[in-house]
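Chemist: Dropping the structure in here first, questions after.
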Amino acid sequence: MKSKHRQRRLRESASTFSGPASRPAISHPGRPRLVRCLAKRLASFKGRRILAAVSGGADSTAMLLALTEIAQELQISITVAHLNHGIRGRAADADEKWVRALAERLGLPCIARKVSLRNSKLRGRGESLEMAARRVRYDFLARAARQVRASCIVTAHTADDQAETVLMMLARGCGAAGLAGIPAESSVNGARILRPLLDVSRAEVVQYLKLRGAQWREDSTNRDTKLARNRVRHCVLPFLAANLNPNIAEALRRVAAVARENEEWMDSIASRMLKSRLESDGALNVSGFSRLHPAAKKRVLRLWLRHHGLLSEKTGFNLMERLDRFASSERGSATVKLPDGAALERRYQSIRVAGPGENSAQSASPQPTPLKIPGLTRLEKLGLMVTARIQPGIVKDRKIRPGMYPARASLNIRAAGLPIIVRTWRRGDRMTPLGFKGSRKLQDIFVDAKVPAPERLNIPVFECLGEIVWIPGYSIAAGWEVTDPSSNALQLEVARTAGPSSCAAQECC
């Protein structure tokens, strides 16, 4: 009954905002371009649930109203998500209240949460307020999407956001990847993120809102030119439009589109090159590396770093130049440290991840090892073996302590088709344990579990697509759980190859 009531209110609200019920088809040129762009991007999600990230600003409000306009035709269900970062005090609380009221008026369920980013516990070491806000926001959205089982998350980034991003990246001296700007689609913590309005200008957004007689919230900090993006938005782009190219925003958007196409093509070539050089233990074979084109070398190195979860915002131009020289060197052995504390070690024609520090405990840890699926993977240095099977069921191991064996876990079947690496932890590693609100540092997990520092270096973690998905003896990551015990899942078990083992209380259903 509640669902039918919401759908009726949704139809009534859409009709109230958009006039007569006899609207032309979604693809009809008479419909606003914003609506057509949104509908085209979401056509493949017909009959599914969508999570809409709504701040209350013009962009996200227009997106939400457009979603209600196409919901019935695409048979999509909409849930609103709003995060109050707690940075702007009463103004932020008012935004949250306004978004809740809008969702209620539209007959849509709303998930809202308030955090306090001023709290240092929510910010990583050396992490700026802006970076922390972005990370916490996407953590929240990913959890909300899992909670309502949404097929995707939609955000309201526009062509203007794209132009600003490209210009800022260019000013920082970025490479081709930076010029590609904001991707139309990405994945965060296992959640699919769509940005369907990247071809729509902010002027079109405001025009659409006025057409529907809608109001929106204004964030006063968006006018603060002390912030770099605001200076680009209010000073740099208007200057370039007045003195260089009146269509500068559209030109920058085209740059991003072309760069994105080139990136995808070059990455596909570099991926084949990486595959031919990837050794069985995850090391990179650099034999004859110096003879490759510089662009090819750096792209292969970036993909290899991403393969091991070591690619970050700190992987800039200077570091890539250093890594190029490091990989191309004819010296027999060398070591280079990365910003996150991990280290790469070159021995003759191979480069491996040495891990954080160069102490003896760390050097005894295994190199990152690709998991055989299905099959048996031996971690000789740790005296462990990992068995991977594909079969139905959900294994529920009681949490005891990271590094207690035997340990078992069930991962969503999609993990079976993805590359999983088994490695030891690195400084700065984070994961979102199943059932937790937000990500946690592995170091904090080990401290809370009272795992001695020397032992931590010998506990394997399972990484997929740069995300830690399981710590044996502790927990799997949110977003990788199995929901249907009758469906196939990736069943993992870690056991000692010799010597006494600790028994965990286990239950399989």
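Quick note: the sequence shown uses the numbering used here, first residue 22, plus one each step. We put the beta carbon where it would ideally sit given N, CA and C, even for glycine. Since the model is a prediction, treat every value here as computed from it, not as a measurement.
1. Measuring only the C-alpha atoms, how far is residue 184 from residue 370?
2. Just curious, the alpha helix (DSSP H) that residue 91 is in, first and last residue?
3. Can you tell which of 172, 490 and 409 has the C-alpha that lies nearest to the C-alpha of residue 446?
4. Which class does residue 118 belong to by DSSP, given the choice of helix, strand or coil?
5. Suppose contacts are defined by Cβ-Cβ distances below 8 Å. Is residue 209 in contact with residue 163 by that definition?
6. Apart from the five residues just before and just after residue 496, which ones in its own chain have a Cβ nearer than 6 Å to its Cβ?
7. For the beta strand (DSSP E) that residue 483 lies in, which residues bound it at each end?
8. Is residue 464 helix, strand or coil when you go by DSSP?
9. DSSP has residue 454 in a bridge; who is on the other side?
10. Rounded to whole angstroms, how far is the Cβ of residue 277 from the Cβ of residue 269, which I believe are closer than 8 Å?
11. Reducing DSSP to helix, strand and coil, say where residue 513 ends up.
12. Can you find at least 3 beta carbon pairs, one from the region 59 to 68 and one from the region 189 to 203, that sit closer than 8 Å?
13. State the DSSP-derived secondary structure class of residue 199, mapped to helix, strand or coil.
14. Is it buried or exposed for residue 79, if we count other Cβ within 10 angstroms and need 16 for buried?
15. Within 10 angstroms of the Cβ of residue 246, are there 16 or more other Cβ atoms? Answer buried if so, exposed if not.
16. Tell me whether the beta-carbon of residue 466 lies closer than 8 Å to the beta-carbon of residue 482.
17. State the start and end residues of the unbroken alpha helix (DSSP H) segment that holds residue 540.
18. Quick check: what's the CA-CA separation for residue 218 versus residue 109?
19. Return yes when the Cβ of residue 442 is within less than 8 Å of the Cβ of residue 392, no when it is not.
20. What is the rounded straight-line gap between the Cα of residue 367 and the Cα of residue 394?
21. Please report how far the alpha carbon of residue 462 lies from the alpha carbon of residue 233, in whole angstroms.
22. Taking the alpha-carbon positions, what's the residue 320 to residue 288 distance?
23. Check whether the region 75 to 94 and the region 248 to 258 touch, using three or more Cβ-Cβ pairs below 8 Å as the test.
24. Would you check if the distance between the CB atom of residue 511 and the CB atom of residue 411 is smaller than 8 Å?
25. On the three-state DSSP scale, how would you describe residue 412?
26. Restricting to Cα atoms, I'd like to know which of 66, 150 and 279 is closest to residue 96.
27. Relative to the alpha-carbon of residue 452, which residue among 484, 471, 282 and 422 has its alpha-carbon at the smallest distance?
28. Mapping the DSSP letters down to three states, classify residue 423 as helix, strand or coil.
29. Helix, strand or coil: which one does DSSP assign to residue 518?
30. Decide if residue 260 is buried, meaning its Cβ has at least 16 other Cβ atoms within 10 Å, or exposed.
31. Would you check if the distance between the CB atom of residue 422 and the CB atom of residue 472 is smaller than 8 Å?
32. With distance defined between alpha-carbon atoms, name the residue in 444, 228, 106 and 139 nearest to residue 52.
33. Can you give, in chain order, each stretch of the beta strand (DSSP E) that sits fully within the region 155 to 199 and has at least 3 residues?
34. Across the region 279 to 299 and the region 311 to 330, are there enough close Cβ pairs to call them in contact, namely three or more that are closer than 8 Å?
35. Confirm, please, whether the CB-CB distance from residue 403 to residue 509 is below 8 Å.
36. Check this for me: beta carbons of residue 348 and residue 407, under 8 Å apart or not?
Modeler: Looking at the coordinates:
1. The residue you call residue 184 lines up with position 163 of the sequence shown. The residue you call residue 370 lines up with position 349 of the sequence shown. Cα to Cα, residue 184 sits roughly 42 Å from residue 370.
2. If you number the sequence shown from 1, residue 91 lands on position 70. Segment 79 to 95, the alpha helix (DSSP H) holding residue 91.
3. Taking the sequence shown and counting its residues from 1, one reaches residue 446 at position 425. Of 172, 490 and 409, the residue nearest in Cα terms is 490.
4. Residue 118 sits at position 97 when you count from the first residue of the sequence shown. Three-state result, residue 118: helix.
5. Taking the sequence shown and counting its residues from 1, one reaches residue 209 at position 188. Taking the sequence shown and counting its residues from 1, one reaches residue 163 at position 142. Yes, these two residues count as a Cβ contact at 8 Å.
6. Here residue 496 corresponds to residue number 475 of the sequence shown, with the count starting at 1. Cβ within range, chain order: 454 and 455.
7. Taking the first residue of the sequence shown as position 1, residue 483 is located at position 462. It spans 481 to 485 - the beta strand (DSSP E) in which residue 483 sits, taken as one unbroken run.
8. Taking the sequence shown and counting its residues from 1, the one referred to as residue 464 is at position 443. Helix at residue 464.
9. Translated into the one-based positions of the sequence shown, residue 454 becomes position 433. Bridge partners of residue 454: 498.
10. Here residue 277 corresponds to residue number 256 of the sequence shown, with the count starting at 1. Here residue 269 corresponds to residue number 248 of the sequence shown, with the count starting at 1. That pair is no contact at about 13 Å.
11. Locating residue 513 in the sequence shown gives position 492, where the first residue counts as 1. Note: residue 513 maps to strand in three-state DSSP.
12. no
13. Residue mapping note: residue 199 aligns to position 178 of the sequence shown, counting from 1. It is helical.
14. Your numbering for residue 79 matches position 58 in the sequence shown. Label assigned to residue 79: buried.
15. Your numbering for residue 246 matches position 225 in the sequence shown. Under this definition residue 246 is an exposed residue.
16. Locating residue 466 in the sequence shown gives position 445, counting from the first residue. Locating residue 482 in the sequence shown gives position 461, counting from the first residue. For residue 466 and residue 482, no; Cβs fall outside 8 Å.
17. The displayed coordinates of the chain run from 22 to 530. Any statement about residue 540 would go beyond what the structure contains.
18. Counting from 1 along the sequence shown, the entry for residue 218 is found at position 197. Counting from 1 along the sequence shown, the entry for residue 109 is found at position 88. Cα to Cα, residue 218 sits roughly 26 Å from residue 109.
19. Residue mapping note: residue 392 aligns to position 371 of the sequence shown, counting from 1. Residue mapping note: residue 442 aligns to position 421 of the sequence shown, counting from 1. Their beta carbons are under 8 Å apart, which means residue 392 touches residue 442 by this criterion.
20. Start at 1 with the first residue of the sequence shown, and residue 367 comes out as number 346. Start at 1 with the first residue of the sequence shown, and residue 394 comes out as number 373. So the two alpha carbons sit approximately 28 Å from each other.
21. The residue labelled residue 462 in the question sits at position 441 within the sequence shown. The residue labelled residue 233 in the question sits at position 212 within the sequence shown. Residue 462 and residue 233: Cα-Cα distance of roughly 45 Å.
22. Taking the first residue of the sequence shown as 1, we reach residue 320 at position 299. Taking the first residue of the sequence shown as 1, we reach residue 288 at position 267. Roughly 7 Å between the two C-alpha positions.
23. no
24. Looking up residue 511 in the sequence shown gives position 490. Looking up residue 411 in the sequence shown gives position 390. A contact, by the Cβ cut-off of 8 Å.
25. Residue 412 sits at position 391 when you count from the first residue of the sequence shown. Strand at residue 412.
26. Your numbering for residue 96 matches position 75 in the sequence shown. Comparing Cα-Cα distances from residue 96 to each of 66, 150 and 279, the minimum goes to 66.
27. Within the sequence shown, the letter at position 431 stands for residue 452. Among 484, 471, 282 and 422, the Cα nearest to that of residue 452 is on 484.
28. The residue you call residue 423 lines up with position 402 of the sequence shown. DSSP places residue 423 in coil when its eight states are reduced to three.
29. As a first step, residue 518 is located in the sequence shown; it is residue number 497 there, counting from the start. Three-state DSSP puts residue 518 in coil, outside helix and strand.
30. By 1-based counting over the sequence shown, the position of residue 260 is 239. Under this definition residue 260 is an exposed residue.
31. Within the sequence shown, residue 422 is the residue found at index 401, counting from 1. Within the sequence shown, residue 472 is the residue found at index 451, counting from 1. In contact: residue 422 and residue 472 (Cβ atoms closer than 8 Å).
32. The sequence position of residue 52 within the sequence shown is 31, counting from 1. Out of 444, 228, 106 and 139, 228 has the C-alpha closest to the C-alpha of residue 52.
33. 173 to 175
34. yes
35. Taking the first residue of the sequence shown as 1, we reach residue 509 at position 488. Taking the first residue of the sequence shown as 1, we reach residue 403 at position 382. Result no, Cβ atoms of residue 509 and residue 403 do not sit closer than 8 Å.
36. Translated into the one-based positions of the sequence shown, residue 348 becomes position 327. Translated into the one-based positions of the sequence shown, residue 407 becomes position 386. Cβ distance not < 8 Å, so residue 348 and residue 407 don't count as in contact.
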